[in-house]
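Take a look at the structure below.
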Amino acid sequence: MIYIALLFVMMVAVLITVLPVIRKNELIFLDDMSDKSVPLEERKRSVYKTLGEIEFDYKMNKLSEKDYKKLNNLYRQKAVNLLKEEKEKSGDIDQEIERKLSRLQKGEIL
Numbered sequence: 015m016i017y018i019a020l021l022f023v024m025m026v027a028v029l030i031t032v033l034p035v036i037r038k039n040e041l042i043f044l045d046d047m048s049d050k051s052v053p054l055e056e057r058k059r060s061v062y063k064t065l066g067e068i069e070f071d072y073k074m075n076k077l078s079e080k081d082y083k084k085l086n087n088l089y090r091q092k093a094v095n096l097l098k099e100e101k102e103k104s105g106d107i108d109q110e111i112e113r114k115l116s117r118l119q120k121g122e123i124l
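What follows is the structure, encoded as structure tokens:
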């Protein structure tokens, strides 16, 4: 009976150790936030998640106020930069739509 309990505990420990490695959702580190090979939506999701975790850790007294402010400001700036990047991409798409509509109205072939 004791061997079954030990085996179970060992299996749980191995699972806890191996699961993060085989999970599909990889962590994106701060250096990766400007990496254009990582999709914009994934970078945004990571930054927002990190901001939530920073807030939670501060409320649970796991972060000092100084560390909270530093991390919060850093990731808020990352979020602002990502939103600016998204707006630029959106502007490019809007300009392309306007050009195609203009050509279509002039009777040009797209």
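Each residue of the sequence shown is one higher than the last, beginning at 15 in this note's numbering. The beta carbon of each residue, even a glycine, is placed where N, CA and C say it ideally should be. Bear in mind that the values here come from a model prediction, so they are computed numbers and not experimental data.
Would you check if the distance between the CB atom of residue i and the CB atom of residue j is smaller than 7 Å?
i: E102; j: L54; result: no
i: T64; j: Y82; result: no
i: K84; j: V61; result: no
Span of the alpha helix (DSSP H) holding residue i?
i: G121; result: Careful: G121 lies outside any alpha helix (DSSP H) and carries neither H nor E.
i: S60; result: L54 to K73
Please look up how many angstroms separate the CB atoms of residue i and residue j, rounded, as I've assumed it's under 8 Å.
i: N86; j: I68; result: 6 Å
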